[in-house]
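Position 40 of the first sequence, counting from 1, maps to 39 under numbering that gives the first Met the number 0, and the rest follow consecutively.
Every residue, glycine too, gets a C-beta built ideally from N, C-alpha and C.
So the structure is just underneath, and the comments pick up after that.
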Amino acid sequence: MKTESSCNNTNNEIQTDHKNHHQQEEQELRRGPWTLEEDTLLIHYVACHGEGRWNLLAKSAGLKRTGKSCRLRWLNYLKPDIKRGNLSPQEQLLILELHSKWGNRWSKIAAHLPGRTDNEIKNYWRTRVQKQARQLNMESNSQSFIDAIRCFYMPRLVEKIEQNSSDDEIISVSPDNQSQIILSNNSILVDSNASLSYQHQQHPTSSKSSPLVLDDHEPGHSCAYDVDMSASMPLSDVPFDGCHVERNDWIGNDMAGDTMWDLDELWQFRK
DNA sequence: AAGGCTCGCAACCGCTCGATT
DNA sequence: AAATCGAGCGGTTGCGAGCCT
Numbered sequence: 000m001k002t003e004s005s006c007n008n009t010n011n012e013i014q015t016d017h018k019n020h021h022q023q024e025e026q027e028l029r030r031g032p033w034t035l036e037e038d039t040l041l042i043h044y045v046a047c048h049g050e051g052r053w054n055l056l057a058k059s060a061g062l063k064r065t066g067k068s069c070r071l072r073w074l075n076y077l078k079p080d081i082k083r084g085n086l087s088p089q090e091q092l093l094i095l096e097l098h099s100k101w102g103n104r105w106s107k108i109a110a111h112l113p114g115r116t117d118n119e120i121k122n123y124w125r126t127r128v129q130k131q132a133r134q135l136n137m138e139s140n141s142q143s144f145i146d147a148i149r150c151f152y153m154p155r156l157v158e159k160i161e162q163n164s165s166d167d168e169i170i171s172v173s174p175d176n177q178s179q180i181i182l183s184n185n186s187i188l189v190d191s192n193a194s195l196s197y198q199h200q201q202h203p204t205s206s207k208s209s210p211l212v213l214d215d216h217e218p219g220h221s222c223a224y225d226v227d228m229s230a231s232m233p234l235s236d237v238p239f240d241g242c243h244v245e246r247n248d249w250i251g252n253d254m255a256g257d258t259m260w261d262l263d264e265l266w267q268f269r270k
């Protein structure tokens, strides 16, 4: 008959063994970039058994990865319908619009962009859009920046899209077919609830259309700009309270050649 | 040429939620 | 009802590539 202490010893040994085994498993788990072999294993396993039960999948497939890691690798990289390459102006426009509606609901936004992942959209927002906010000395979630997006960047995107198409064009349709973005002559209509509509208007001092009016300024000094709401789109009832930027933040920065955030272009609309 | 810096992207982490036991 | 587990989400980090000085 075992004494209590011997039972405890046995239990302790079992617990220690279990702990060691667990630690060993933890140590064996791979992290970091996926190898070609791992990708092949995962693709082959999913092809044979389908997605889901990721922890089980990881073990069964012989992958020394967590289920989470496998899931992420599959959804963000290996899945066959993943789109690669730069986001088109249409996609960028849609992201901006949907983000204004839903905020950081990346997966929800991604659901409206076939082939794009939530991770990709999140990265786009953080690296491109938030960078612009920083350069404007704005909070990326501030009303001022939202208005700057609506009043300047989104119309720019619409222009770019228009340059590539002459007729009415449906840019995007939601998965449930309840909403869509339609590009028409000089305007863009977003979703069935008419949450947003753009009308391009001619700027009085420019041959280009723009709702944005910039105050005059001296190079190297701070400047302020305001949006001329009379020349703006009807969507925004929220007053744009202006912002202050350093010219040095704009000129000579590496975004000047960017297809979306052409800051030199922005300066052309100064009074 | 080389070292430092910045940027973009892939991957990880912590948390939450819903289903199951 | 509580515990457990799988899945998903959003925030954050780390690293490689390219750029700058």
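Check: For MET153, the first and last residue of its enclosing alpha helix (DSSP H); Outcome: 153–162
Check: The region 51–62 / the region 74–85 touching (three or more Cβ pairs under 8 Å); Outcome: no
Check: With 16 other Cβ atoms within 10 Å as the buried cut-off, status of THR116; Outcome: buried
Check: Rounded straight-line distance, which links the Cα of ASN122 to that of ARG133; Outcome: 16 Å
Check: Run of the alpha helix (DSSP H) containing ASP146, from where it starts to where it stops; Outcome: 142–147
Check: First through last residue of the alpha helix (DSSP H) which encompasses ASN85; Outcome: Counting along the chain, ASN85 falls outside any alpha helix (DSSP H), and DSSP gives it neither H nor E.
Check: Proximity to GLU158 [Cα-Cα], best of ASP38, ARG70, SER87 and PRO113; Outcome: SER87
Check: Terminal residues of the alpha helix (DSSP H) in which TYR76 lies; Outcome: No alpha helix (DSSP H) contains TYR76, which DSSP labels as neither H nor E.
Check: Residue range of the unbroken alpha helix (DSSP H) whose run includes HIS48; Outcome: 35–48
Check: Where the alpha helix (DSSP H) containing ARG64 begins and where it ends; Outcome: No alpha helix (DSSP H) holds ARG64; DSSP gives it neither H nor E.
Check: Alpha helix (DSSP H) segment containing ALA109, residue limits; Outcome: 105–109
Check: Residue range of the unbroken alpha helix (DSSP H) whose run includes ARG133; Outcome: 129–134
Check: First through last residue of the alpha helix (DSSP H) which encompasses GLU138; Outcome: No alpha helix (DSSP H) contains GLU138, which DSSP labels as neither H nor E.
Check: Exposed unless 16 or more other CB atoms sit within 10 angstroms - verdict on SER274; Outcome: Since the first and last residues shown for the chain are 0 and 270, residue 274 lies out of range.
Check: Enclosing alpha helix (DSSP H) for ASP117 [first to last residue]; Outcome: 117–123
Check: The region 59–75 in contact with the region 93–105 per 3-pair CB rule at 8 Å; Outcome: no
Check: Between the CA atoms of ASN163 and PHE144 - distance to the nearest angstrom; Outcome: 27 Å
Check: Contact check, LEU112 vs GLU90, beta carbons under 7 Å; Outcome: yes
Check: Closest by C-alpha distance to LEU71, when choosing among ALA147, ARG30 and ARG149; Outcome: ARG30
Check: Cβ-heavy atom distance, PRO113 to the ligand COA, below 6 Å; Outcome: Absent from the structure shown: the ligand COA. Ligands present: none.
Check: Status (buried if at least 16 other CB within 10 Å, exposed otherwise) for GLU138; Outcome: exposed
Check: LEU303 (DSSP reduced to helix, strand or coil); Outcome: In the structure as shown, the chain begins at 0 and stops at 270. Residue 303 is therefore absent and cannot be evaluated.
Check: Rounded separation between LEU28 and LEU40 - CA only; Outcome: 15 Å
Check: Residue of GLU36, SER59 and ILE148 minimising C-alpha distance to ILE94; Outcome: ILE148
Check: SER206 - DSSP class collapsed to helix/strand/coil; Outcome: Per-residue confidence for SER206 stands at a pLDDT of 34, beneath the threshold of 50, marking its modelled position as unreliable; no derived number is given.
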